[in-house]
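Those sequence lines, one after another, are chains W and X. Using the numbering used here, the first residue of the first sequence is number 1, and each one after it goes up by one. Using the numbering used here, the first residue of the second sequence is number 285, and each one after it goes up by one. Cβ atoms here follow ideal geometry from the backbone N, Cα and C, with glycine treated the same way. Since the model is a prediction, treat every value here as computed from it, not as a measurement. Heads up, the thing below is written out as C-alpha cells.
Number of protein chains: 2
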Amino acid sequence: MLLTRTIAETRAVIADARTQGKRIGFVPTMGYLHEGHLKLIDIAKGHSDFVVVSIFVNPTQFSPTEDFAKYPRDFERDRRLCESRGTDLIFAPEVSEIYPERSLITLQIEKLADRLCGMRRPGHFNGVLLVVSKLFNIVQPNVAVFGQKDAQQLTIIKRFVQDLNFPVRIIAAPTVRESDGLAMSSRNIYLSPEQRAQSTVLYQALQRAKTLIEAGQRDAQKIVLEMQQLIATASEAKIDYIEIVSVSDLQPVKRLDGERQVLIALAVYFGRARLIDNIVLKIS
Amino acid sequence: MLLTRTIAETRAVIADARTQGKRIGFVPTMGYLHEGHLKLIDIAKGHSDFVVVSIFVNPTQFSPTEDFAKYPRDFERDRRLCESRGTDLIFAPEVSEIYPERSLITLQIEKLADRLCGMRRPGHFNGVLLVVSKLFNIVQPNVAVFGQKDAQQLTIIKRFVQDLNFPVRIIAAPTVRESDGLAMSSRNIYLSPEQRAQSTVLYQALQRAKTLIEAGQRDAQKIVLEMQQLIATASEAKIDYIEIVSVSDLQPVKRLDGERQVLIALAVYFGRARLIDNIVLKIS
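Dropping the structure here:
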C-alpha cells in the first residue's frame, strides 16, 4: 500500500496505475475509520483495480461552532485498517496542501441543500462540494463510493456529478450498523456509556416508521410523531430533526401515496455528538 | 476531422485518442470563428497531439437582455475554418445536450467577478464557470487555450483551475487584431460601416495609455481621462467602462508604482455591439 501527502505525488502514482490500464476506485473519508468505511473500500475494490482512500478532515465543511478541531483522528489505526482491506493508495494531505489559500470559488446547490442537515449546518454542503471537486480533480476516479448514512450528501453528490458532467460513477453503500442497530459513525466515540446505551432509539424509531408504513399508515406527520415519542424515551436525546422526504429531490412528503421512494431521516444530539441515521423505503 | 454532437460520442473519441498516448488540447468557443480563434487552435496544436474545438453558444452566460438569440452563428463556415487549421474534433452540442435540465449547481467566484465586465453582466461569469466545468469534465484536456482579449475571463479561469485543482494547464493567447488595430471579435459583425470605422479609437486609446505610461505618467485617473477624451471623439461610442487594475487580482490601481503588471481594460458600446479590448503592461 502506498501513502501520499501531496497532490503531485498522488497524481503521479494514479497516472502510473492508469497507464497500466487500471480503473481507479475512490473512497473519500475524514478518517477515524470504522466498518462502514471499510465496506466502502470493499465495494470500491469490486468496481475497480486500484483503490484510493483519502483521509482528510475538511475544514470548509465545518462551521466555526462545530467540532473540526476535536474531530477524532488516529492515522496509524486508519493506515492499518486500509491496508487490511486491500487499499492501494492512501492520500492523506495536510490542510495547507488542499487549501494553500482560501478558495475564491464557491459551489452551491439549490433546493437539495437547504433542508435536513443543510438547514442546521449552513455552508456545510458548500464545503463538501468544494472538497469533493478538488479530490475528484486530483484522483480522477472512474468510480467513487459514498455511504447511504449521509443520505443528503449522497443525493447532492449524485446531482453535482450529473450537473457538472464529472466522469465519475457514484456508488451508494448501505449503512453498516452495530449489533444493536446504531449506525456506525466516527462521532459515536463522543458518546458516554449512558448515551451509547440510549442511542439505539434512533434505529428503533426508523424501524417503527417502517412498521407503521407497512401496516398502511400514510400520514407523514403521524409517523414522525410516533418517532418523536419513541426517541423522547431516551433522556439524553435532543431531536434536531426528523423528516420524511422524497429520495430524488429531498422535498417533504405529507402523504406517502403513489409509487415512490421516501427517505426517513433524522438527526439527534446525544450530548455533543450529533448523530444522523436514515432508511429508504419504497412505497407501492 | 471528426464532429460530435453528444457527450457520449465525444468522450469515446477522446478516450480513443488518449489510449493512443495523445495529449488533448482544447479550445472552447461560441463559434462564428475569426482569426483570433484560429490562433488559439494553432497554439493548442503546439501543446498537444489532438485538438478539440467546442462550438457552443452557452445560454447561461447571457442575461435575459443580452444577445443570446441573435449571437451570430455559421456552423458550416466554422467547420471549414477548423478543418483548415488541423482541428481533430469539433464538439458542437445542442443546448439540450449540455443542459438537459437546469443545473442546480452554481459556481461563483469572489473578488474577481464583481468588477469590469462582471459588474455590467451579472451572472455572466457564473455561466462561464458552469459551462467550462462541464466542458472540462467532458473533454478532460491536458491544456486549454483562452484568449487574452477576454482578460477578466482568463484571470477567473486560471484561479478557478487552481482553486478546484482541475488537471488542466491554461494557456493565454495574444489578441489578434485587424490591420487598423480593432481586436477581432464575433460581435464586430454587428457594426455598421460608420461604427466599424470609428471603432479603431479603442485600440488607439489603449496605445495612448501605453505612451503616457512610458512617458512617466503614473496617475491612473489621468490616464483614464485621456482615454475617455480620445474615445469621445467617436460619435457612436458609448463607454461602458475603462479601468486600470492589477493583472493578478483585478483590483483597481490608483498609482502605477512599484514593479507590477497592470491590465488596462475597456468596454465600449457601438450601437448594439459591446466591444471589449485590453492591454497588459509591465510597470518597472
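Proximal chain A residues relative to W/Arg196, where beta-carbon distance stays under 7 Å: Chain labels in this structure do not include chain A; the protein chains are W and X.
Residue(s) in a DSSP beta bridge with W/Gln25: The question names Gln, yet the displayed sequence has Gly at residue 25 of chain W. In the DSSP output, where bridge partners are listed per residue, W/Gly25 has W/Val51, W/Val143.
Chain X contacts made by the stretch 165 to 195 of chain W, where a contact means CB separation under 7 Å: For chain X, the residues of the stretch 165 to 195 of chain W that bring a beta carbon within less than 7 Å of one of its beta carbons are Asn165, Phe166, Pro167, in chain order.
Alpha-carbon spacing of W/Asn165 relative to X/Asn421, whole angstroms: Approximately 6 Å between the Cα atoms of the pair.
Collapsed DSSP secondary structure at X/Lys395 in the structure displayed: DSSP places X/Lys395 in coil when its eight states are reduced to three.
Own chain residues within Cβ distance below 6 Å of W/Gln152, not counting five before or after: Within the same chain, W/Gln152 has close Cβ partners Leu116, Cys117.
Proximity below 7 Å, CB of W/Phe56 to CB of W/Pro93: Judged by their CB atoms, W/Phe56 and W/Pro93 are nearer to each other than the 7 Å cut-off.
CB contact below 7 Å: X/Asn421 versus chain W: It does; some Cβ of chain W falls within 7 Å.
Residue-level contact to chain X via CB, W/Ile41, 7 Å cutoff: False, the Cβ-Cβ gap to chain X never drops below 7 Å.
Contact between the stretch 547 to 556 of chain X and the stretch 455 to 466 of chain X (3+ Cβ pairs under 8 Å): With the cut-off at 8 Å, the stretch 547 to 556 of chain X and the stretch 455 to 466 of chain X do not touch.
Within chain X, the residues that W/Ser235 reaches when beta carbons sit closer than 7 Å: None at all; the shortest Cβ gap to chain X is about 40 Å.
Touching by the beta-carbon criterion (3+ pairs, under 8 Å), the stretch 36 to 44 of chain W and the stretch 84 to 104 of chain W: A contact between stretches requires three or more CB pairs, one per stretch, nearer than 8 Å, and the stretch 36 to 44 of chain W meets this requirement with the stretch 84 to 104 of chain W.
Paired residues, beta bridge with X/Asn562 - DSSP: Note: X/Asn562 sits in a beta bridge opposite X/Ala549.
Extent of the continuous beta strand (DSSP E) run through W/Lys238: Per DSSP, the continuous beta strand (DSSP E) segment holding W/Lys238 begins and ends at 237 to 246.
Residues of the stretch 96 to 110 of chain W with Cβ closer than 7 Å to any Cβ of chain X, in chain order: Answer in chain order: Ser103, Leu104, Ile105, Thr106, Leu107, Gln108, Ile109, Glu110.
Three-state secondary structure (DSSP) of X/Phe352: DSSP places X/Phe352 in coil when its eight states are reduced to three.
Neighbour list for X/Arg443 in chain W, Cβ cutoff strictly below 8 Å: Chain W residues near X/Arg443: Leu104, Ile105.
Where W/Leu2 falls: helix, strand or coil (DSSP): In the structure shown, W/Leu2 adopts extended strand secondary structure according to DSSP, grouped into three states.
Beta-carbon proximity of X/Ile455 to X/Val427, cut-off 7 Å: At the C-beta level, X/Ile455 and X/Val427 come within 7 Å of one another.
Length at least 3, wholly inside the stretch 156 to 200 of chain W: the beta strand (DSSP E) runs in chain order: Counting whole runs of 3 or more residues, the stretch 156 to 200 of chain W contains the beta strand (DSSP E) stretches 169 to 173.
First and last residue of the uninterrupted alpha helix (DSSP H) at X/Leu514: Residue range 504 to 516 is occupied by the alpha helix (DSSP H) that includes X/Leu514.
Beta-carbon proximity check, X/Leu419 vs X/Ser338, cutoff 7 Å: Cβ distance < 7 Å, so X/Leu419 and X/Ser338 count as in contact.
Start-to-end residues for the beta strand (DSSP E) that takes in W/Phe91: W/Phe91: member of the beta strand (DSSP E) spanning 89 to 91, first to last residue.
DSSP three-state assignment for X/Phe420, whether helix, strand or coil: X/Phe420 falls in the helix class under three-state DSSP.
Contacts around X/Val415, its chain only, beta-carbon distance under 6 Å, and the 5 residues preceding and following it disregarded: Cβ neighbours of X/Val415 beyond the five flanking positions: Asn342.
Cβ distance (whole Å) where X/Leu490 is taken to contact X/Asp561 below 8 Å: Contact holds; Cβ gap of about 6 Å.
Chain X contacts from the stretch 127 to 154 of chain W (Cβ-Cβ distance under 7 Å): From the stretch 127 to 154 of chain W, only Ser133, Lys134, Asn137, Ile138, Gln140 have a Cβ closer than 7 Å to chain X.
Interface residues of chain W facing X/Ile291 [CB-CB closer than 8 Å]: For X/Ile291, the C-beta contacts it makes with chain W under 8 Å involve Asn165, in order along the chain.
Segment limits, alpha helix (DSSP H) that includes X/Phe359: Where X/Phe359 is concerned, the enclosing alpha helix (DSSP H) starts and stops at 359 to 368.
Interface residues of chain W facing X/Leu396 [CB-CB closer than 8 Å]: Correct list: Leu104.
Backbone CA spacing between X/Asn472 and X/Ala557 [nearest angstrom]: Taking C-alpha positions only, X/Asn472 is separated from X/Ala557 by approximately 7 Å.
Interface partners of W/Arg23 on chain X, CB under 7 Å: Those do not exist, as W/Arg23 stays about 13 Å from chain X at its closest Cβ, beyond 7 Å.
6 Å Cβ shell around X/Lys522 - same chain, five flanking residues per side excluded: Answer for X/Lys522: Tyr553, listed in chain order.
Buried versus exposed, by CB contacts within 10 Å (16 or more), X/Ser380: Exposed: under 16 other Cβ atoms inside 10 Å.
Minimum C-alpha distance to W/Gln229 - residue among W/Leu202, W/Asp249, W/Val253: Selected option, being the one with the closest Cα: W/Leu202.
Inter-residue CB distance, W/Tyr99 and W/Arg73 (contact presumed, cutoff 8 Å): About 17 Å separates the Cβ atoms of W/Tyr99 and W/Arg73, ruling out a contact at the 8 Å cut-off.
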